[in-house]
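All remarks here apply to the structure that follows.
Numbering (my numbering), first residue to last: 19 to 165.
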């Protein structure tokens, strides 16, 4: 009989998001909070995917557009738009704008396959998750943010 620690290490949880009518997954261990869209202060001469900064409960947080980062057209904000706040290090947060947050899913190792593609947007994808009848591109969070 497997012990519980082994079973837990064989599964991961992901927040699923919708970007350009495709499903992406973000490892939940990186996520600090999910916020409604709010006023973003632009920063002059920043990278095109860097949208600006927000004041989140007294903390200044840089915000980037996932759509622009993976080579898609600009974001169109609506009531479903969210900013996912990620913690990379204890003192460093960054927000990523997404069109829609769908649900939290749990994937076992057997439901994740290594991604093998060549185009730019997929260089940020490390695997493909299979959940129900959907294929979910699993984002390499550190690569998306630090690249």
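Note that the Cβ used here is the ideal one computed from N, Cα and C, for glycine as well.
Burial state of residue i, where buried means 16 or more other Cβ atoms lie within 10 Å
i: residue 153; result: exposed
i: residue 147; result: buried
i: residue 59; result: exposed
i: residue 66; result: exposed
i: residue 87; result: buried
i: residue 42; result: buried
i: residue 113; result: buried
i: residue 164; result: exposed
i: residue 79; result: buried
i: residue 46; result: exposed
i: residue 37; result: buried
i: residue 162; result: buried
For residue i, the nearest candidate out of the options (CA to CA)
i: residue 134; options: 142, 95, 96; result: 142
i: residue 31; options: 86, 128, 43, 124; result: 124
i: residue 155; options: 144, 50, 94, 127; result: 144
i: residue 102; options: 78, 158, 54; result: 54
i: residue 91; options: 98, 83, 165; result: 83
i: residue 158; options: 150, 149, 64, 132; result: 132
i: residue 76; options: 38, 111, 45; result: 111
i: residue 115; options: 47, 51, 28; result: 51
i: residue 126; options: 160, 85, 149; result: 149
i: residue 99; options: 108, 128, 85, 62; result: 85
Those residues which DSSP pairs with residue i across a bridge
i: residue 31; result: 124
i: residue 116; result: 100
i: residue 43; result: 34, 156
i: residue 130; result: 147
i: residue 81; result: 70, 113
i: residue 107; result: 110
Boundaries of the alpha helix (DSSP H) in which residue i is found, first to last residue
i: residue 159; result: 159-164
i: residue 84; result: 84-87
N-terminal and C-terminal residue of the beta strand (DSSP E) that residue i is part of
i: residue 54; result: 49-54
i: residue 70; result: 68-74
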